[in-house]
Amino acid sequence: GISYIMYWRYSLSSYAASHFRHSLMSVVQSSCSHAWDAFQVAYATFQLYCVRNNEVQRLMLGPHLLGDAPRIYITPPGNEIAEEEDTSEYFPDIKIYDEDVNLKLLICGAHCTLDSSLLNSLEDGLNALLNIEFRWCKLQDRVSAAPPLHVDSTLLDGMVTICCDITTSSSSHVSLLLSGSPQTCFDDKLLEKHIKKELIESRQLVRVVSVSEDGPSSAEPLTSMSVASGASTFEVLMTLPKWAAQVLKYLAQETSYKSLVPLGIASVNGTPVCSFDSQDVDWLLFFRTIQDEAIGTSLYPHPPRWSASLAKNRVKGSMVSKPAR
Numbered sequence: 001g002i003s004y005i006m007y008w009r010y011s012l013s014s015y016a017a018s019h020f021r022h023s024l025m026s027v028v029q030s031s032c033s034h035a036w037d038a039f040q041v042a043y044a045t046f047q048l049y050c051v052r053n054n055e056v057q058r059l060m061l062g063p064h065l066l067g068d069a070p071r072i073y074i075t076p077p078g079n080e081i082a083e084e085e086d087t088s089e090y091f092p093d094i095k096i097y098d099e100d101v102n103l104k105l106l107i108c109g110a111h112c113t114l115d116s117s118l119l120n121s122l123e124d125g126l127n128a129l130l131n132i133e134f135r136w137c138k139l140q141d142r143v144s145a146a147p148p149l150h151v152d153s154t155l156l157d158g159m160v161t162i163c164c165d166i167t168t169s170s171s172s173h174v175s176l177l178l179s180g181s182p183q184t185c186f187d188d189k190l191l192e193k194h195i196k197k198e199l200i201e202s203r204q205l206v207r208v209v210s211v212s213e214d215g216p217s218s219a220e221p222l223t224s225m226s227v228a229s230g231a232s233t234f235e236v237l238m239t240l241p242k243w244a245a246q247v248l249k250y251l252a253q254e255t256s257y258k259s260l261v262p263l264g265i266a267s268v269n270g271t272p273v274c275s276f277d278s279q280d281v282d283w284l285l286f287f288r289t290i291q292d293e294a295i296g297t298s299l300y301p302h303p304p305r306w307s308a309s310l311a312k313n314r315v316k317g318s319m320v321s322k323p324a325r
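Note that the UniProt record's numbering has the sequence shown beginning at 1, numbered continuously upward.
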């Protein structure tokens, strides 16, 4: 059957729909992704660039996904139980040791106010991108290791500590230090599922560094020809595990990886996003430069340059050569 249905409520702007579609296809074409995760990224960019001040009405009219979030089921090895039946309660949870770091991102856009709606959308999009990377990750190797010094050894009775080498969906390599039961840690398939479940379902990897209690902070524009083709950017600070920051920095250097672009991310901790080009700037900033009253309609005085390229691609895709008579 059909697992998911993406739909819009009521009428919609053709350009807003094109923006969402372009975001969705950027994610799908960049890596092996689940429909749920790809939608979350595209919806986050819709909130970032097509919605002003988190307008509730426009969010209700925006894209929706009909279906349930995917779950990672853990079954005992050799036990014939339906995949939909989760038996993870029979296995102690693993403990992944994190070292949180701050990550500086440059976001494509002019001077703006960093309110909670903007920051939360960016946070959701980044978490969805990391979910894509770890939903299809592979355990490459594991070796015994010493637990961190700050961990009370009495809490690890009957448990083992190992260091795992993981390859993510986009071939980024990370090392995870974790503790768990011998039954879990010495079974590669079981351990891999536990890692995925812990990273995707049990925690939120990326968090926004708190905005000042006095009110939203103001982002001053920054410009560099090596970032976002010289367009204005503003700085946002996130906190996340060190290994997750390494994954994002790796993805920024991949010329074929376009999933960071829909979120407007032009630089990751000083590393420019290589796949970010001038056409991406036109596409992302279109909704920031037109008049507010035009956003909710399909009528625009001057179609943007990026919409012409999308239409051209659709025409090419629909052309079918006819056999000569």
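For glycine and all other residues, C-beta sits at the position ideal for the given N, C-alpha and C.
*From the DSSP output, read off the bridge partner residues of Arg-142.*
Cys-164.
*Where does Asn-127 fall in DSSP's three states?*
Asn-127 sits in a helix when the DSSP states are folded into three classes.
_Tell me which residues share the same chain as Ala-146 and place their Cβ nearer than 7 Å to its Cβ, disregarding the 5 neighbours each side in the sequence._
Within the same chain, and ignoring the five residues on either side of Ala-146 in sequence, the residues whose Cβ sits closer than 7 Å to its Cβ are Thr-161.
*Inspect the beta-carbon positions of Ile-5 and Gly-62 and report whether they are closer than 9 Å.*
When the beta-carbon positions are compared, Ile-5 and Gly-62 stay at least 9 Å from each other.
*asked:* Am I right that Ser-169 and Cys-32 are in contact with their C-beta atoms under 8 Å? What's the rounded C-beta distance?
replied: Indeed, because the Cβ distance is near 5 Å, the residues count as touching under 8 Å.
_Quick check: Leu-204 and Asn-102, are their CB atoms within less than 9 Å of each other?_
It should be noted that the sequence gives Gln, not Leu, for residue 204. No, these two residues do not count as a Cβ contact at 9 Å.
_C-alpha gap between Ser-259 and Thr-233, whole angstroms_ = Going by the C-alpha atoms only, they are around 18 Å apart.
*Using the Cα positions of Ala-110 and Asp-188, report the straight-line distance between them to the nearest angstrom.*
Looking at the two C-alpha atoms, the distance is approximately 48 Å.
*asked:* Which residues does DSSP list as the beta-bridge partners of Trp-8?
replied: According to DSSP, Trp-8 bridges with Pro-63.
*Could you check if Pro-262 is buried or exposed, using at least 16 other CB atoms within 10 Å of its CB as the buried criterion?*
With 16 or more other Cβ atoms within 10 Å, it is buried.
*Confirm, please, whether the CB-CB distance from Leu-176 to Trp-243 is below 9 Å.*
Taking 9 Å as the Cβ cut-off, Trp-243 and Leu-176 qualify as a contacting pair.
*asked:* Whether or not the segment 243 to 257 and the segment 6 to 14 are in contact is what I'm after, with contact meaning three or more pairs of Cβ atoms, one per stretch, closer than 8 Å; do they touch?
replied: No, because fewer than three Cβ pairs between the segment 6 to 14 and the segment 243 to 257 fall closer than 8 Å, the two stretches do not touch.
*With 16 as the cutoff for other CB atoms within 10 Å, does Thr-45 come out buried or exposed?*
Under this definition Thr-45 is a buried residue.
_Beta-carbon proximity list for Leu-119, same chain, < 6 Å, skipping 5 on both sides_ = Excluding residues up to 5 positions away in sequence, Val-208 lie with their Cβ nearer than 6 Å to the Cβ of Leu-119 in the same chain.
*Given a threshold of 16 other Cβ atoms within 10 Å of its Cβ, counted over all protein chains shown, does Ile-132 qualify as buried or as exposed?*
With 16 or more other Cβ atoms within 10 Å, it is buried.
*asked:* By the three-class DSSP mapping on this structure, what secondary structure does Glu-235 have?
replied: The DSSP-derived three-state label of Glu-235 is strand.
*asked:* Measuring straight from C-alpha to C-alpha, what distance separates Val-268 and Leu-237?
replied: Cα-Cα distance, rounded: 10 Å.
*Nearest neighbour of Lys-197, chosen from Ile-72, Leu-105, Pro-241 [CA to CA]*: Nearest of Ile-72, Leu-105, Pro-241 to Lys-197, Cα basis: Ile-72.
*asked:* Based on DSSP bridge pairs, tell me the residues matched to Pro-272.
replied: Beta-bridge pairing links Pro-272 to Ser-267.
*asked:* By the three-class DSSP mapping on this structure, what secondary structure does Pro-262 have?
replied: Pro-262: helix per DSSP, three-state reduction.
*From Ala-16 to Phe-286, what distance separates their C-alpha atoms?*
Going by C-alpha positions, Ala-16 is about 10 Å away from Phe-286.
*Determine the closest residue to Ile-200 out of Asp-37, Leu-122, Trp-8, with distance taken between C-alpha atoms.*
Nearest C-alpha to Ile-200 among Asp-37, Leu-122, Trp-8: Asp-37.
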